[in-house]
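Going by the numbering used here, the letters in the sequence shown line up with residues 82 to 339, in that order.
Have a look at the structure below, then the notes.
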Amino acid sequence: MIFDTHAHYDDDAFQEDREELLGGLRAAGIGTVVNVGASIASTKTSIALAESHPFIYAAAGVHPSESAELDEERMKWLEEMCARPKVVAVGEIGLDYHWDEPDREVQKHWFRQQIGLARKVKLPIIVHSRDAAKDTMDIIKEEKAAETGGVIHCFSYGIEVAREYLNMGFYLGIGGVLTFKNARKLKEVVAYMPLERLLLETDCPYMAPTPHRGERNSSLYLPYVVRAVSEIKGVPEEDVIAVTEANARQMYRLSHIG
Ligand code: NI
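See the structure below:
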């Protein structure tokens, strides 16, 4: 079944129909979801969602745009959360130079600290990197993030950068952008990379695929991304689903669950 490796179902966009939507995922072929924290508050709500739904897991972490809220005490709290049985990753963490706030030095500092946390608790990282290719790569290398592994979520760089992450053992997160007409660079990356390193993700409520571009996204739209991957790779859709599910289980270390 489809594994949505990156969702934000705690977002207000799902306030009206969250339980109804989640309750219908399995019948639509969505087997597992990882709900990703982006702040202290959304780490809490992600864990609550995971602890009340068997098929949902959580990631604990603070997004670069929110990183100014971090301090030593909150890092300690994040570490405690990483010990919860349903927490499977540290994320999303990284650098965002598109919004470019807070100050880049603040973003870099907490990116390093959260990689350190992931290495300590031995969980993979979910990396958010926007318009920050070089600094993200430098920090990933300097902090030896490859030792704990993870995914470069919503991958938006070219083949050269992809190759470097793949060589270090990272997975690349691919979502709705792949279906956009102007996604030539991402299509090249997907054609180039092995299917065994590709993770399906929504980043919902954002990044809805064509023909729903601009609407609220959900895991229900992942079949459009599956179809796009299938066409680019020349692999049947059911194989795309099976291989990417196995990839996600491997990366999140859920291989023992059937
Ligand atoms: Ni996200």
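Just so it is clear, CB atoms sit at the ideal spot from N, CA and C, and this is done for glycine as well.
Opening and closing residue of the alpha helix (DSSP H) in which residue i lies
i: aspartate 219; result: 214 to 223
i: tyrosine 273; result: 265 to 273
i: threonine 126; result: 121 to 133
i: asparagine 248; result: 240 to 248
i: arginine 155; result: 153 to 162
i: valine 143; result: Neither: valine 143 is in no alpha helix (DSSP H) and is coded neither H nor E.
i: leucine 303; result: 303 to 314
Residue i: CB within 7 Å of a non-hydrogen atom of the ligand NI
i: histidine 179; result: no
i: alanine 141; result: no
i: valine 114; result: no
i: alanine 184; result: Residue identity check: residue 184 is aspartate in the sequence provided, not alanine. The answer is no for aspartate 184.
i: histidine 89; result: yes
i: alanine 289; result: no
i: valine 316; result: no
i: valine 258; result: no
i: alanine 214; result: no
i: valine 202; result: no
i: glutamate 326; result: no
i: alanine 119; result: yes
i: glutamate 173; result: yes
i: aspartate 49; result: Only positions 82 to 339 of the chain appear in this structure, which leaves residue 49 out of reach.
Integer-rounded CB distance, given that residue j should sit under 8 Å from residue i
i: glutamate 160; j: valine 202; result: 6 Å
i: alanine 139; j: alanine 131; result: 4 Å
i: aspartate 169; j: tyrosine 333; result: Note that residue 169 is valine in the sequence shown here, rather than aspartate. 4 Å between Cβ atoms; contact.
i: tryptophan 180; j: leucine 151; result: Tryptophan 180 to leucine 151, Cβ: 17 Å. No contact.
i: isoleucine 220; j: arginine 193; result: 6 Å
i: glycine 142; j: glutamate 173; result: 6 Å
i: lysine 167; j: isoleucine 128; result: 7 Å
i: methionine 274; j: leucine 247; result: 6 Å
i: histidine 144; j: serine 120; result: 6 Å
Close-in-space but distant-in-sequence residues of the same chain around residue i (CB under 7 Å, 5 per side omitted)
i: histidine 87; result: Val115, Val117, Ile207, His234, Gly254, Glu282, Thr283 and Asp284
i: tyrosine 287; result: Asn298
i: threonine 325; result: Phe84, Leu279, Leu280 and Leu281
i: aspartate 92; result: Pro286
i: glycine 339; result: Residue placement at glycine 339 is flagged as unreliable, the pLDDT there being 44, under the threshold of 50; a coordinate-derived value is accordingly withheld.
i: glutamate 318; result: Val307, Arg308 and Ser311
i: valine 316; result: Leu276
i: glutamate 296; result: Ala289
i: histidine 134; result: Leu103
Chain-order list of residues whose beta-carbon lies under 6 Å from that of residue i (same chain, five-residue window excluded)
i: glycine 110; result: Met82 and Ile83
i: phenylalanine 136; result: Thr113
i: alanine 264; result: Val258
i: tyrosine 305; result: Thr260 and Pro290
i: arginine 211; result: Asp177 and His179
i: leucine 267; result: Val258 and Leu259
i: arginine 330; result: Ser336
i: valine 232; result: Ile207, Tyr252, Gly254 and Leu280
i: glycine 239; result: Lys266
Residue range of the unbroken beta strand (DSSP E) whose run includes residue i
i: glycine 175; result: 168 to 177
i: glycine 197; result: Taken as a continuous stretch (DSSP letters only), glycine 197 belongs to no beta strand (DSSP E), being part of the alpha helix (DSSP H) at 185 to 202.
i: glycine 104; result: Per DSSP, glycine 104 belongs to no beta strand (DSSP E); it is in the alpha helix (DSSP H), 99 to 104.
i: asparagine 116; result: 111 to 117
i: valine 208; result: 206 to 211
i: aspartate 85; result: 83 to 88
i: valine 324; result: Taken as a continuous stretch (DSSP letters only), valine 324 belongs to no beta strand (DSSP E), being part of the alpha helix (DSSP H) at 318 to 332.
i: valine 232; result: 231 to 234
i: leucine 335; result: Per DSSP, leucine 335 belongs to no beta strand (DSSP E) and is neither H nor E.
i: tyrosine 252; result: 252 to 255
i: leucine 259; result: Run containing leucine 259: none; DSSP gives neither H nor E here.
i: leucine 281; result: 279 to 281
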